[in-house]
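Visitor: From first to last, the protein sequence lines stand for chains A and B.
Sequence positions in the first sequence follow numbering that gives the first Met the number 0 and run 0 to 434.
Sequence positions in the second sequence follow numbering that gives the first Met the number 0 and run 0 to 530.
Glycine is no exception: its CB is placed at the ideal position from the N, C-alpha and C atoms.
Mind having a look at this structure? Questions to follow.
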Amino acid sequence: MRKGTGKLALAGALACGMAWTAGAAPASAEDTIKVGILHSLSGTMAISETTLKDVMLMLIDEQNKKGGLLGKKLEAVVVDPASNWPLFAEKAKQLLEVDKVAAVFGCWTSVSRKSVLPVFEHDNGILFYPVQYEGEESSRNVFYTGAAPNQQAIPAVDYLMNEEGVKRWVLEGTDYVYPRTTNKILEAYLKMKGVPAEDIMINYTPFGFSDWQTEVSNIKKFGSAGKKTAVVSTINGDANVPFYKELGNQGIKATDIPVVAFSVGEEELAGLDTKPLVGHLAAWNYFESIDTPENKAFIDEWHKFIKNDKRTTNDPMEAHYIGFNMWVKAVEKAGTTDPDAVIDAMIGVTVPNLTGGYSAMMPNHHITKPVYIGEIQADGQFDTVWQTSGLVPGDEWSDYLEGSKDLISDWRKPLSCGNFNVKTGKCGGESVAAQ
Amino acid sequence: MNRFLRLILLLALVCAATPGRADPVDDILAGFASTSYADIEKTIGALAASGDAAAPAILDALNDGLLEISSDKKLYIKAEDGSLTDARSGAAVTGDTPLGLKPVKVNNRVRRAIEAAMGQMTLLSPDPAKRLNAAASLFHAPDPAQLPAVEAAIAKESDPAVKRAFEEARAAIVLAKPDAADPDKIAAVAVLEARGDEDAKSLLDAAAASGSPPVAEAAKAALGKIRRELAMWGVAQNVYYGLSLGSVLLLAAIGLAITFGVMGVINMAHGEMVMLGAYTTYVVQQAVQSAAPALADYALVFAIPAAFIVGGVAGIAIERSIIRFLYGRPLETLLATFGLSLVLQQAMRSLFGPTNREVSNPTWMSGSMDLGGLAITYNRFWIILFSIAIFALLTLVLRKTSFGLRMRAVTQNRRMAASMGIRTGWIDSLTFGLGSGVAGIAGVALSQIDNVSPNLGQSYIIDSFMVVVFGGVGNLWGTLVGAMSLGVANKLLEPVAGAVLGKIVILVLLVLFIQRRPRGLFPVKGRAVEA
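Here it is in structure tokens:
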């Protein structure tokens, strides 16, 4: 029954869309440019995604105060895909076909991105994806403003190896595509660096896992073999809080077994008593504590907009900030919001990021970013203990995986290919992990 | 800018290297100006070796991130209130703040170096807890150079526990020392064998692999014994984890055992009652913290009745407004309460925001103790006790009070109970309120180990139904045994099969079990069931 209604709605939407294009030929009569926001406002992912919706509204508001774009005001179209993956595709279709938005900012989990991907490719839309992800993907219609594995996971492992002398590794993750692919890349990378297989322990737990006693005591046991041990955590979402609580209670201190996390930011720490966690690490491209005038202005603006000066800022928020400014610049450069023109204009666009540098959009639709390693402080903020000396360009096809290392992506003409195999010279390679 | 700073630093380093300063300790301390963690680590070692009286205070401040260095390489300790004291002289800084003050950089590597240095310096501290820490840090970082100091400490020590810790540290050092005599090493192996934990095992592993033949032999024999003991303790530990998981399941399910088990209402909003209890805990904790900070550690005690009332009132309201119209129509009840659970979740999301709320653990629920080879975390331990207490209390209410009697009468034969003058409608409401209130209390306990978020309840609802169905509908004892056996089975499987597969195996076994015994472990017998 549900399916039937969906189809009916779809048909209706299509009919509407056709009627609209046929009837309203002078599209320029529209005096606003619509921007779609596709973030879950209810369900499990609301905890993370609601903030991104708010930050987009703030950025659009700011742009309108500056006079809008191409002489028109921007109009936000907010939809709620309710943490339901198929609903993401339906809502994306609605944004592109009914609302006719010029660009969409949205998605958090990889599975939601994979679910909307065919819609964006079919309707030739533009999606800005702001979250760190596993890579192994490059679409002409998607701009990835979050970190690829080489912009987060690999530098974090390098830091632990070189600065803390870690010899034994626990790769602990939630059981879905991002941790599994990231851990596959990390495992290949560690083995390349000469870490023997018995010094790597890989473990997965379900979403929302809350009883960490056995896992944590296994980590403790694994870590007492006389070699310096660290945990690389791709645990996502709600499961983090009980994990860190259990670490604290079982007395695992950061000086004994440090945990470096890729999904724990200021927002996640806000729901947690951070005193037992001091010294555990996170790797991001942005920390709220980074002291630059741009960041300070952004945080002030955010507090004013959300009317609560206790709210934190985090990495995906910065990614939207960069993505939105890039899109604005590309539209100005192209002089139109036409997707093909904007997609071509996007490559090479450079905008300031919040950490005092500039980020550029590369031909593979990923951006250049600095990488920071921070230690958790008692106040729930991160103290930067290490950073890359320059910007790291995002590498969509990992160099450490079989099948993926021969692929490159370059959306400039005449190549225009997201998975060009440099060995066979053909477009259309498949990676093992992407299957 | 950065380059400019580096140039200054370089110049400063050159200046520091020239023999201008009289005091060697000042020269050592200047090393804290470096931005390289390796240099800071070296400086800590040198400072500890210098034996300067100010060293422990300086290292303490560094550990807490309160040590600051000015551009002329003078160290200052910043107090929590922002006031500065000179790190070497201890004099308070009056007047202008020194130029270019910035914190000395600390990371885990530096903290480890501090720990080791403090270990060396506090060997003879008058505080036994500090001596114990010192012994532990020497044990974990055995340094042959410290052997005479440890032996001196053993000779002086009067506290037996600390003395044993020192002897273990000495054993670790002896094993790490290449030129120690074989008999000494064999004695050290015996000390470690008596310690018998994972740390001792890893030291013995190293000795068995690289020691001289007699030492290696002794180490191997000791290892065999330790392995057997550890394996036994490992099973015991898993059983304890299982009981702890079981107690959480029991807490989540026991309210449902009443609403579903006794009344037969399929209440999908049961998890949300747990969630309401957890949010009540948050609100109570906030209130206590602002009204009476001295009592903050006992906020949970106040939260228990509050959560019971909130859950209970919500339950009665739900029963009066929705469920009483749907008795005898399980499908509609299921759908209606599922819809209600979504409404409650979104309501809490709008009210408290989508992000997790922080409920802090009181000090008496943090940390762990060692009981033989068992590591018992206090929060889990209290939750086990708490769940048993709730269970006992509820059994008493059902068995020994007149309300319990009426409740059982109504569920067994509604019409006869009504003709005896029992207001069945009210009993239904109160029973549902009782179940929901107990769910609220469960929320207080769960706020200690899980997220306080609108989704809290969702993650427990399936498990709760599982426990009640497994234990036998309508039987509190069944719920107890069901929860505990599911918990223990889960935790015994988890190390072998992993968390994901372990859960799947449990579910499959459960389905098979229900096929054999559709009424669960302890089926209710009698005419009421057949009716």
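(1) To the nearest angstrom, report how far apart Lys129(B) and Leu122(B) are at their CA atoms.
(2) Which residues in chain B sit within 7 Å of Gln249(A), going by Cβ to Cβ distance?
(3) What residue range is occupied by the uninterrupted beta strand (DSSP E) comprising Leu83(B)?
(4) Indicate whether Val258(A) and Val230(A) have their beta-carbon atoms separated by less than 8 Å.
(5) Taking a cut of 8 Å between CB atoms, which residues from the segment 211-244 of chain A lie near chain B?
(6) Would you mind reading off the limits of the beta strand (DSSP E) that contains Ala196(A)?
(7) Keeping to the same chain, check which residues put their C-beta closer than 7 Å to that of Ala421(A); ignore five residues upstream and five downstream.
(8) Can you give me the Cβ contacts of Phe297(A) inside the same chain, cut-off strictly under 6 Å, excluding the 5 residues immediately before and after it?
(9) With a threshold of 8 Å between beta carbons, is Tyr203(A) in contact with chain B?
(10) Evaluate the contact criterion for the segment 318-332 of chain A versus the segment 380-387 of chain A: three or more CB pairs, one atom per stretch, below 8 Å.
(11) Of all Cβ atoms in chain B, is any one closer than 8 Å to the Cβ of Glu197(A)?
(12) Using beta carbons (cut-off 8 Å, strictly below), is Glu186(A) in contact with chain B?
(13) Can you tell me the Cα-Cα spacing of Leu397(B) and Asp449(B), whole angstroms?
(14) Go ahead and label Gly134(A) buried or exposed: buried means 16 or more other beta carbons lie within 10 angstroms of its beta carbon, across all protein chains shown.
(15) Considering only the beta carbon of each residue, do Gly439(B) and Gly276(B) sit closer than 8 Å?
(16) Return the bridge partner residues of Ala260(A) from the DSSP annotation.
(17) Please state if the CB of Gly250(A) and the CB of Arg167(A) are separated by a distance shorter than 8 Å.
(18) Look at Val34(A) and Ala101(A) and say whether their C-beta atoms are less than 8 Å apart.
(19) As a quick exercise: from Lys524(B), Trp476(B), Ile461(B), Ser211(B), pick the residue whose alpha carbon is nearest that of Leu509(B).
(20) Nearest CA to the CA of Ala340(A): which residue from Asp308(A), Asp198(A), Val330(A)?
(21) Measure from the C-beta of Asn418(A) to each C-beta in chain B and report whether the shortest distance is under 8 Å.
(22) Grab me the residues of Ala441(B)'s own chain with a C-beta within less than 6 Å of its C-beta, minus the 5 sequence neighbours each way, in chain order.
(23) Within 10 Å of its beta-carbon, does Pro182(B) have 16 or more other beta-carbons around it, so buried, or fewer, so exposed?
(24) Provide the residue span of the beta strand (DSSP E) that contains Asp296(B), from first to last.
(25) Return the residue from the list Ser397(A), Glu214(A), Glu395(A), Val370(A) that minimises the CA-CA distance to Gln151(A).
(26) When the Cα atoms are used, what is the spatial distance from Met368(B) to Ala160(B)?
(27) In chain B, which residues lie less than 7 Å from Ala282(A) when you measure between Cβ atoms?
(28) Whole angstroms are fine: how far does the CA of Val282(B) sit from the CA of Leu244(B)?
(29) Could you tell me which of Leu500(B), Val507(B), Leu491(B) sits nearest to Ala230(B), measuring between CA atoms?
(30) Within 10 Å of its beta-carbon, does His121(A) have 16 or more other beta-carbons around it, so buried, or fewer, so exposed?
(31) Less than 8 Å between the C-beta atoms of Val240(A) and Gly207(A), yes or no?
(32) Leaving out the 5 sequence neighbours to the left and right, which residues in its chain are closer than 7 Å to Thr430(B) when beta-carbon positions are compared?
(33) Which partner residues does Met360(A) have in the DSSP bridge list?
(34) Going along the chain, which unbroken runs of the beta strand (DSSP E) with 3 or more residues stay wholly within the segment 119-193 of chain A?
(35) Return helix, strand or coil for Lys524(B), following the three-state DSSP convention.
(36) Can you check the segment 167-232 of chain B for any alpha helix (DSSP H) of at least 4 residues that lies completely inside it and give the ranges in chain order?
Guide: If we stick to the structure as given:
(1) Taking the first residue of the second sequence as position 1, residue 129(B) is located at position 130. Taking the first residue of the second sequence as position 1, residue 122(B) is located at position 123. Distance between the alpha carbons of Lys129(B) and Leu122(B) is about 8 Å.
(2) Position 250 of the first sequence, counted from the first residue, corresponds to residue 249(A). Near Gln249(A) (Cβ distances below 7 Å), the residues of chain B are Ser367, Ala374, Thr376.
(3) Taking the first residue of the second sequence as 1, we reach residue 83(B) at position 84. Residues 83-85.
(4) The residue given as residue 258(A) occupies position 259 in the first sequence. The residue given as residue 230(A) occupies position 231 in the first sequence. Taking 8 Å as the Cβ cut-off, Val258(A) and Val230(A) qualify as a contacting pair.
(5) Gln212, Thr213, Glu214, Ser216, Asn217, Lys219, Lys220, Ser223, Ala224, Gly225, Asp237, Val240, Pro241, Lys244
(6) Walking along the first sequence from the start, residue 196(A) turns up at place 197. Note, Ala196(A): premise wrong, no beta strand (DSSP E); not H, not E.
(7) The residue given as residue 421(A) occupies position 422 in the first sequence. Looking at the sequence provided, one finds Val at residue 421(A) rather than Ala. Asp405, Ile407.
(8) The count along the first sequence starts at 1 and reaches residue 297(A) at position 298. Contacts found: Leu353.
(9) Your numbering for residue 203(A) matches position 204 in the first sequence. Yes, Tyr203(A) counts as interfacial toward chain B.
(10) no
(11) What you label residue 197(A) is simply residue 198 of the first sequence in a count that begins at 1. It does not; no Cβ of chain B falls within 8 Å.
(12) Working through the first sequence from its first residue, we reach residue 186(A) at position 187. Not closer than 8 Å to any Cβ of chain B, the Cβ of Glu186(A) fails to qualify, so no.
(13) Along the second sequence, one-based indexing puts residue 397(B) at 398. Along the second sequence, one-based indexing puts residue 449(B) at 450. Going from the Cα of Leu397(B) to the Cα of Asp449(B) covers about 30 Å.
(14) Translated into the one-based positions of the first sequence, residue 134(A) becomes position 135. With 16 or more other Cβ atoms within 10 Å, it is buried.
(15) Position 440 of the second sequence holds residue 439(B). Position 277 of the second sequence holds residue 276(B). A contact, by the Cβ cut-off of 8 Å.
(16) Counting from 1 along the first sequence, the entry for residue 260(A) is found at position 261. For Ala260(A), which the question treats as bridged, DSSP gives the partners Ser232(A), Ala281(A).
(17) On the first sequence, residue 167(A) is found 168 positions in, with the first residue counted as 1. On the first sequence, residue 250(A) is found 251 positions in, with the first residue counted as 1. No. Outside cutoff.
(18) The residue labelled residue 34(A) in the question sits at position 35 within the first sequence. The residue labelled residue 101(A) in the question sits at position 102 within the first sequence. A contact, by the Cβ cut-off of 8 Å.
(19) Counting from one through the second sequence, the residue named residue 509(B) turns up at place 510. The shortest C-alpha separation from Leu509(B) is found at Ile461(B).
(20) Taking the first sequence and counting its residues from 1, the one referred to as residue 340(A) is at position 341. Among Asp308(A), Asp198(A), Val330(A), the Cα nearest to that of Ala340(A) belongs to Val330(A).
(21) On the first sequence, residue 418(A) is found 419 positions in, with the first residue counted as 1. No, Asn418(A) lies away from the interface with chain B (no Cβ there is under 8 Å from its Cβ).
(22) Here residue 441(B) refers to the residue found at position 442 of the second sequence. Cβ neighbours of Ala441(B) beyond the five flanking positions: Leu250, Ala251, Val273.
(23) As a working note, residue 182(B) is residue 183 in the second sequence. Looking at its Cβ environment, which holds fewer than 16 other Cβ atoms inside 10 Å, Pro182(B) is exposed.
(24) The sequence position of residue 296(B) within the second sequence is 297, counting from 1. No beta strand (DSSP E) contains Asp296(B), which DSSP labels as neither H nor E.
(25) Here residue 151(A) corresponds to residue number 152 of the first sequence, with the count starting at 1. It is Val370(A) whose Cα lies nearest to the Cα of Gln151(A).
(26) Mapped onto the second sequence, residue 368(B) falls at position 369. Mapped onto the second sequence, residue 160(B) falls at position 161. Near 15 Å, if we compare the C-alpha coordinates of Ala160(B) and Met368(B).
(27) Position 283 of the first sequence, counted from the start, is the residue given in the question as residue 282(A). Chain B residues near Ala282(A): none, gap ~14 Å exceeds 7 Å.
(28) Numbered from its first residue, the second sequence carries residue 244(B) at position 245. Numbered from its first residue, the second sequence carries residue 282(B) at position 283. Approximately 26 Å, taken between the alpha carbons.
(29) Position 231 of the second sequence, counted from the start, is the residue given in the question as residue 230(B). The candidate whose alpha carbon is nearest that of Ala230(B) is Leu491(B).
(30) Stepping through the first sequence from its first residue, residue 121(A) is reached at position 122. Burial call: exposed.
(31) Counting from 1 along the first sequence, the entry for residue 240(A) is found at position 241. Counting from 1 along the first sequence, the entry for residue 207(A) is found at position 208. In this structure, Gly207(A) does not lie closer than 8 Å to Val240(A) by Cβ.
(32) Along the second sequence, read from residue 1 onward, the residue named residue 430(B) stands at position 431. Within the same chain, Thr430(B) has close Cβ partners Ile257, Val261, Met262, Met406.
(33) If you number the first sequence from 1, residue 360(A) lands on position 361. Answer by DSSP bridge pairing, in chain order: Ile366(A).
(34) 126-128, 141-143, 167-173
(35) Walking along the second sequence from the start, residue 524(B) turns up at place 525. DSSP places Lys524(B) in coil when its eight states are reduced to three.
(36) 181-194, 197-209
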